[in-house]
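Asker:
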């Protein structure tokens, strides 16, 4: 049965919103909730109905009130709020990273489906998305093969990435205080600080944090073509450059500190500072990537 990840994610976000309200305080309007949760009014109504059934919301119409202390405020598990396609992508990237995949690495749909606990159709759909970029090749009667990257390919892609991210970073800095991006950004900043404190033993965890940070920035200026582009960005910049294991811990620590500078610039809302921090971090990521590709 297909899980409603959009509803579950909105439900969890609604609980976060309710927790900041006083008991008995009026529930924001459906329009307001739709904007703040980033979902349709239909989904908002479904969330409200579920919360009302569990006692978190009382009343009806414009006379609804919230009760954040309710024992029924249970969140959905995080893995249920992430679309299956995104879960397959994350598991595939981790598989490449942990297994130190190299050009020529064979990719077996059935083996991956068993390893990830998903249907082979989900694996096939994921691989097909990247085939058009020439990174993965389907060979007759031989399954898939990961082809790797060239320096020229990486440079062309980086040029596009810089344009897109600068655009999104400027847009994020201009968002109002009420935007949920600021709460999400602060939560990510705290995760960075926690990882930095345990960098000696947890430096491998940076790839996921890096991906989520840059994806959050990209959502500040939604664009379906840019969103599609970030699929390939994830492969190359958030995973591939880490296959060079030399001084990986030190490189990840440097990147975390660059992110923290980036956070400060974004919170300052100063566009000049944002652009400076963004360009500095992306330049460092480019240099790391080029060292990796040249070493193949």
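In my numbering, the protein residues as written are 11 to 306.
Glycine included, C-beta positions come from ideal geometry on N, C-alpha and C.
How should residue 171 be labelled, buried or exposed, when 16 other C-beta atoms within 10 angstroms of its C-beta is the threshold for buried?
Answerer: As a position in the chain shown, residue 171 is number 161, starting the count at 1. So residue 171 ends up on the buried side.
Asker: According to the Cβ coordinates, are residue 155 and residue 117 closer than 8 angstroms?
Answerer: Looking up residue 155 in the chain shown gives position 145. Looking up residue 117 in the chain shown gives position 107. A contact, by the Cβ cut-off of 8 angstroms.
Asker: Just the C-alpha distance for residue 29 and residue 162, rounded to the nearest angstrom, thanks.
Answerer: Within the chain shown, residue 29 is the residue found at index 19, counting from 1. Within the chain shown, residue 162 is the residue found at index 152, counting from 1. Going by the C-alpha atoms only, they are around 50 angstroms apart.
Asker: Would residue 191 pass as a contact of residue 226 if the rule is Cβ separation under 8 angstroms?
Answerer: Here residue 191 refers to the residue found at position 181 of the chain shown. Here residue 226 refers to the residue found at position 216 of the chain shown. The answer is yes: Cβ separation under 8 angstroms.
Asker: Looking at the unbroken beta strand (DSSP E) that takes in residue 148, where does it start and where does it end?
Answerer: Your numbering for residue 148 matches position 138 in the chain shown. Its beta strand (DSSP E) spans residues 146 to 149.
Asker: Report back the beta-carbon spacing between residue 174 and residue 236 to the nearest angstrom; my notes put them in contact at under 8 angstroms.
Answerer: Your numbering for residue 174 matches position 164 in the chain shown. Your numbering for residue 236 matches position 226 in the chain shown. That belief holds up - the Cβ atoms of residue 174 and residue 236 are roughly 5 angstroms apart, short of 8 angstroms.
Asker: Output needed for residue 68: all residues of its chain with C-beta closer than 6 angstroms, excluding positions within five of it in sequence on either side, in chain order.
Answerer: On the chain shown, residue 68 is found 58 positions in, with the first residue counted as 1. Result list for residue 68: 75, in chain order.
Asker: Determine the DSSP secondary structure at residue 41, reduced to helix, strand or coil.
Answerer: Numbered from 1 along the chain shown, position 31 holds the residue referred to as residue 41. Residue 41: helix per DSSP, three-state reduction.
Asker: Taking its Cβ as the centre, do 16 or more other Cβ atoms sit within 10 Å of residue 59, making it buried, or is it exposed?
Answerer: Within the chain shown, numbered from 1, the residue matching residue 59 stands at position 49. Exposed is the call here.
Asker: Evaluate residue 70 with the Cβ neighbour count: other Cβ atoms within 10 Å of its Cβ, from every protein chain shown; 16 or more gives buried, anything less gives exposed.
Answerer: Along the chain shown, one-based indexing puts residue 70 at 60. Exposed: under 16 other Cβ atoms inside 10 Å.
Asker: According to DSSP, is residue 102 helix, strand or coil?
Answerer: Start at 1 with the first residue of the chain shown, and residue 102 comes out as number 92. Residue 102 falls in the helix class under three-state DSSP.
Asker: Using DSSP bridges, identify the partner residues of residue 116.
Answerer: Here residue 116 is taken as the residue at index 106 of the chain shown, counted from 1. Note: residue 116 sits in a beta bridge opposite 155.
Asker: If you drop the 5 nearest sequence neighbours on each side, which residues of the same chain put their C-beta closer than 7 angstroms to that of residue 177?
Answerer: Mapped onto the chain shown, residue 177 falls at position 167. Correct list, in chain order: 231.
Asker: Measuring CA to CA, which of 98, 166, 229 and 45 is closest to residue 128?
Answerer: Mapped onto the chain shown, residue 128 falls at position 118. With distances taken between Cα atoms, residue 128 lies closest to 98.
Asker: Once the 5 residues before and after residue 62 are set aside, which same chain residues still bring their CB inside 8 angstroms of it?
Answerer: On the chain shown, residue 62 is found 52 positions in, with the first residue counted as 1. If we look at residue 62 and ignore the five residues flanking it on each side, its Cβ neighbours are 68 and 74.
Asker: By the 10 Å Cβ neighbour count, where 16 or more other Cβ atoms means buried, how is residue 187 classified, buried or exposed?
Answerer: Mapped onto the chain shown, residue 187 falls at position 177. So residue 187 counts as exposed.
Asker: Can you round the beta-carbon distance between residue 206 and residue 133 to whole angstroms, since I take them to be within the 8 angstroms contact cut?
Answerer: Numbered from its first residue, the chain shown carries residue 206 at position 196. Numbered from its first residue, the chain shown carries residue 133 at position 123. Actually they are not in contact, since the Cβ atoms of residue 206 and residue 133 sit about 35 angstroms apart, beyond 8 angstroms.
Asker: Let me know the secondary structure DSSP gives residue 76 once reduced to three states.
Answerer: For the purposes of this step, residue 76 is taken as residue 66 along the chain shown, with counting starting at 1. Of the three classes helix, strand and coil, the one that applies to residue 76 here is strand, per DSSP.
Asker: Buried or exposed: where does residue 233 fall if 16 or more other Cβ atoms within 10 Å of its Cβ makes it buried?
Answerer: To locate residue 233, count along the chain shown from 1; it is residue 223. Its Cβ having fewer than 16 others within 10 Å, residue 233 is exposed.
Asker: Which of the three DSSP states is assigned to residue 68 in this structure?
Answerer: Working through the chain shown from its first residue, we reach residue 68 at position 58. In the structure shown, residue 68 sits in a strand (DSSP, three-state: E or B).
Asker: If you follow the alpha helix (DSSP H) that residue 279 is part of, which residue opens it and which one closes it?
Answerer: For this step, residue 279 is matched to residue 269 along the chain shown. That residue, residue 279, is in no alpha helix (DSSP H); it is neither H nor E in DSSP.
Asker: Starting from residue 35, trace the alpha helix (DSSP H) in both directions and tell me its first and last residue.
Answerer: Numbered from its first residue, the chain shown carries residue 35 at position 25. Careful: residue 35 lies outside any alpha helix (DSSP H) and carries neither H nor E.
Asker: Which same chain residues, not among the five before or five after residue 47, have their C-beta less than 7 angstroms away from its C-beta?
Answerer: Start at 1 with the first residue of the chain shown, and residue 47 comes out as number 37. Cβ within range, chain order: 20, 23, 24 and 54.
Asker: How would you label residue 131, buried or exposed, when you count the other beta carbons within 10 angstroms and need 16 or more for buried?
Answerer: Residue 131 sits at position 121 when you count from the first residue of the chain shown. The residue in question, residue 131, is exposed, as its Cβ has fewer than 16 Cβ neighbours within 10 Å.
Asker: Considering just the uninterrupted stretch of the alpha helix (DSSP H) at residue 54, what are its terminal residues?
Answerer: In the chain shown, the residue the question calls residue 54 occupies position 44. Counting along the chain, the alpha helix (DSSP H) containing residue 54 begins and ends at 51 to 63.
Asker: Whole angstroms are fine: how far does the CA of residue 18 sit from the CA of residue 87?
Answerer: Locating residue 87 in the chain shown gives position 77, counting from the first residue. Locating residue 18 in the chain shown gives position 8, counting from the first residue. Taking the straight line from one Cα to the other gives about 9 angstroms.
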